[in-house]
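Everything below concerns the one structure shown next.
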Amino acid sequence: MTTRLYDLAHARAGDKGDISMISVIAYRAEDYPFLVEALTAAAVARFFEALGLTRVERFELPSLGALNFVLHGALLGGVTRSLALDAHGKTLSSSLLSIEIDLPRTDVRHDGESGEC
Amino acid sequence: MKTIRIGAGAGFSGDRIEPAVELVEHGRLDYLVFECLAERTIALAQQVKRKNPAGGYDPLLEARMRAVLPGCHRQGVRIISNMGAANPIAAARRVIEIARELGLKGLKVAALTGDDVLDLTLDENPLLLTGEGRVADIGPDRILSANAYLGADGIVEALGRGADVVIAGRVADPSLFLGPLMHAFGWRPDDWELLGRGVLVGHLLECAGQLSGGYFADPGVKPVPGLARLGFPYAEVSPDGAAVVSKVAGSGGRVDLRTVKEQLLYELSDPSAYVTPDVTADFSAVRLEQVGPDMVALSGACGRPAPVQLKVSVGYLDGYAGEGQIAYAGVQAAERGRLAIEIVRERLALTSVAIDELRSELIGVDAIFQGADGDASYSSREVRARVAGRCATLQAAHAIGAEVESLYTNGPAGGGGVTRSASAVVAIASTLLPRDRIRPHIDMEVA
Numbered sequence: 445m446t447t448r449l450y451d452l453a454h455a456r457a458g459d460k461g462d463i464s465m466i467s468v469i470a471y472r473a474e475d476y477p478f479l480v481e482a483l484t485a486a487a488v489a490r491f492f493e494a495l496g497l498t499r500v501e502r503f504e505l506p507s508l509g510a511l512n513f514v515l516h517g518a519l520l521g522g523v524t525r526s527l528a529l530d531a532h533g534k535t536l537s538s539s540l541l542s543i544e545i546d547l548p549r550t551d552v553r554h555d556g557e558s559g560e561c
Numbered sequence: 003m004k005t006i007r008i009g010a011g012a013g014f015s016g017d018r019i020e021p022a023v024e025l026v027e028h029g030r031l032d033y034l035v036f037e038c039l040a041e042r043t044i045a046l047a048q049q050v051k052r053k054n055p056a057g058g059y060d061p062l063l064e065a066r067m068r069a070v071l072p073g074c075h076r077q078g079v080r081i082i083s084n085m086g087a088a089n090p091i092a093a094a095r096r097v098i099e100i101a102r103e104l105g106l107k108g109l110k111v112a113a114l115t116g117d118d119v120l121d122l123t124l125d126e127n128p129l130l131l132t133g134e135g136r137v138a139d140i141g142p143d144r145i146l147s148a149n150a151y152l153g154a155d156g157i158v159e160a161l162g163r164g165a166d167v168v169i170a171g172r173v174a175d176p177s178l179f180l181g182p183l184m185h186a187f188g189w190r191p192d193d194w195e196l197l198g199r200g201v202l203v204g205h206l207l208e209c210a211g212q213l214s215g216g217y218f219a220d221p222g223v224k225p226v227p228g229l230a231r232l233g234f235p236y237a238e239v240s241p242d243g244a245a246v247v248s249k250v251a252g253s254g255g256r257v258d259l260r261t262v263k264e265q266l267l268y269e270l271s272d273p274s275a276y277v278t279p280d281v282t283a284d285f286s287a288v289r290l291e292q293v294g295p296d297m298v299a300l301s302g303a304c305g306r307p308a309p310v311q312l313k314v315s316v317g318y319l320d321g322y323a324g325e326g327q328i329a330y331a332g333v334q335a336a337e338r339g340r341l342a343i344e345i346v347r348e349r350l351a352l353t354s355v356a357i358d359e360l361r362s363e364l365i366g367v368d369a370i371f372q373g374a375d376g377d378a379s380y381s382s383r384e385v386r387a388r389v390a391g392r393c394a395t396l397q398a399a400h401a402i403g404a405e406v407e408s409l410y411t412n413g414p415a416g417g418g419g420v421t422r423s424a425s426a427v428v429a430i431a432s433t434l435l436p437r438d439r440i441r442p443h444i445d446m447e448v449a
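Residue numbers (the working numbering), protein chains in the order written: chain A, 445 to 561; chain U, 3 to 449.
Right, dumping it as structure tokens:
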């Protein structure tokens, strides 16, 4: 089945120059391996294809249950010269959470109070 | 040895002031840090300083100092800030004046300079970090400023000389927090592991409310109580660099594993190589533990030697940007918005406005997703058509907004709420300079 990343993880976007960094953090530790498998750098690059990215890197943080994506060339030259409405790319984290990913399970729900990773 | 408490009094130049006062009154702080410099703030401040040699520091310096100085003086809380921006000397002088007005006799204020490396940068003409040429290729007449990211050493020295308030210009954000830790605990500049732990504390605190529930809430899914009275965070740090982050009891917001994880990764590229002037910190094995309500313990950060070069931000004039927006609503709102954009584009061509780069979008449809969610059938009940462009002249930049505005009487049906702007663009390019060419300098004055 496919599910929205939004139902599995939360995210935050930051920026440095023309790079957008987006963290994706599993609500539940047991979902982290699925994120590692499904949310590849290539999948994120495809999702943000319209931004004209030059490169996407992914860093794994198993102790936090988090992935950190580094999107090069994401910000139209960076916050100081971009013509974009959201020059910082602050909204990109929420955008990414709407991506659909393949997941081998059906009981997806928000349940951060238990099993917090 | 006792622990020390450091509070985050601001996460950006325009940040709220009451949370800082709340920290001073109820946080049992030893140090209060105000981080107020965004990437291009110094370049903008440099322009102010050129017109007024006594200006060029943070516009909220006075309001912040009046709000916190009496409490800090009474409770022995020492202040560190980069609110000096392009003019730490003038900012420190202003703090002295305010302290005297408030009767805070004996308050020691240090101005930390040495970050302004404009002459050195022009002389050395280093490569730009983008790989696209050297500093001189920007055009020396367009360059406004060049500031190195100083480390914690100047702050350590100022605190060692007894400063109650340290006013700096460009200092790496986490170094503002690392400075007082090094001073208080006697950490040496090559205690890489301890410095890595200290940088973790600084990294988490530097955006103030972003650690304690700001930039986090999503109703029903990630609720945060009391955002209108969000409490700013503090860290209680042990001599071995272990720390607990929290906020004042009774304030709004939350400090939990989720808020801390989001901020831990904020603006990070490789979590195992967070480069600061003081240490290359490694956060890849950081462990977090909720140890009480709104209390999260940090461990597992480490560090490696600092880089041999310091990052320098070069501010330069990059032409002019013009923008116009107009709203449409109801049935076919997006179609009328698209027609509006077509008309503006055609008008700018017909009237031969010289534009280097033009961008248009419908806010409510594709201004953020930019086709990523490209569903053509998507309909919005209200949209704003937005046209923005970069031009060589201010006049051309004004023309963009003017063409949008003229849609009121000449454009599609029901267009309203026009906004328009045109302004000079101050952009930032980054480069590196050898750290041994850059020396912090301290001027001390007593109220």
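The beta-carbon is built from N, C-alpha and C at its ideal position, and this holds for glycine as well.
Here the structure is a predicted model, which means the values were calculated and not measured.
Environment of glutamine 397/U [buried if 16+ CB atoms lie within 10 Å] | With a 10 Å radius around the Cβ and a threshold of 16 neighbouring Cβ atoms, glutamine 397/U comes out exposed.
Nearest-angstrom Cα distance between glycine 181/U and leucine 39/U?
-> Cα to Cα, glycine 181/U sits roughly 17 Å from leucine 39/U.
Could you give the C-beta distance for alanine 329/U and glycine 418/U, rounded to a whole number, given that I count them as a contact under 8 Å?
-> Right, the Cβ-Cβ distance comes to about 5 Å (below 8 Å), so this counts as a contact.
Report the neighbours of aspartate 320/U on chain A: residues whose CB is nearer than 7 Å to its CB, in chain order.
-> Arg525
Inter-residue Cα distance where the pair is phenylalanine 285/U and arginine 383/U | Roughly 45 Å between the two C-alpha positions.
Compute the distance between the beta-carbons of valine 428/U and threonine 524/A, then report whether it is under 8 Å.
-> yes
At 8 Å on the CB atoms, spell out the chain U contacts of isoleucine 463/A, in chain order.
-> Ser271
Taking DSSP as the reference, what is the three-state secondary structure of tyrosine 410/U?
-> helix
Determine the contact status of proline 436/U and glutamine 311/U, defining contact as a CB-CB distance below 8 Å.
-> Yes.
For phenylalanine 187/U, which residues of its own chain have a beta-carbon under 6 Å away from its beta-carbon, when the five flanking residues on both sides are left out?
-> Close CB contacts of phenylalanine 187/U within its chain, under the 6 Å cut and outside five residues either way in sequence, are with Pro241 (chain order).
Nearest-angstrom Cα distance between alanine 374/U and methionine 446/U?
-> Any answer about alanine 374/U is weak, because its pLDDT of 45 lies below 50 and its placement is not dependable; what the coordinates show is given next. Cα-Cα distance, rounded: 55 Å.
Chain-ordered residues of the segment 469-484 of chain A with a beta carbon less than 9 Å from chain U | Ile469, Tyr471
Between leucine 505/A and chain U, is there a C-beta pair that is closer than 8 Å?
-> yes
Mind reading off the beta-carbon distance from asparagine 89/U to lysine 51/U? Whole number of angstroms is fine, and I expect it under 8 Å.
-> 5 Å
Would you please verify whether the beta carbon of phenylalanine 179/U is less than 8 Å from any beta carbon of chain A?
-> no
Would you report the Cα separation of alanine 174/U and alanine 415/U, rounded to the nearest angstrom?
-> 51 Å
Go to serine 423/U, then tell me how far its beta strand (DSSP E) extends in each direction, as first and last residue.
-> 418-436
Is arginine 172/U near alanine 150/U, with beta carbons less than 8 Å apart?
-> yes
Could you have a look at aspartate 284/U and say whether DSSP puts it in helix, strand or coil?
-> strand
Which chain U residues sit within Cβ distance under 9 Å of valine 514/A?
-> Leu270, Ser271, Asp272
Report buried or exposed for asparagine 512/A, applying the criterion of at least 16 other Cβ atoms within 10 angstroms of its Cβ.
-> buried
Cβ neighbours of arginine 18/U in the same chain (closer than 7 Å, five flanking residues each side left out) = Cβ contact annotation for arginine 18/U (same chain, cutoff 7 Å, sequence separation greater than five): none.
Span of the alpha helix (DSSP H) holding alanine 47/U?
-> Per DSSP, alanine 47/U belongs to the alpha helix (DSSP H) from 43-53.
Nearest-angstrom Cα distance between proline 235/U and aspartate 60/U?
-> Taking the straight line joining both Cα atoms gives about 22 Å.
Best match in Glu325/U, Ser274/U, Leu266/U, Leu178/U for proximity to leucine 300/U [C-alpha to C-alpha] = Leu266/U
Taking Cβ-Cβ distances below 9 Å as the criterion, which residues of the segment 387-408 of chain U are in contact with chain A?
-> When CB distances to chain A are screened at a threshold of 9 Å, the residues of the segment 387-408 of chain U falling below it are Arg388, Ala390, Gly391, Arg392, in chain order.
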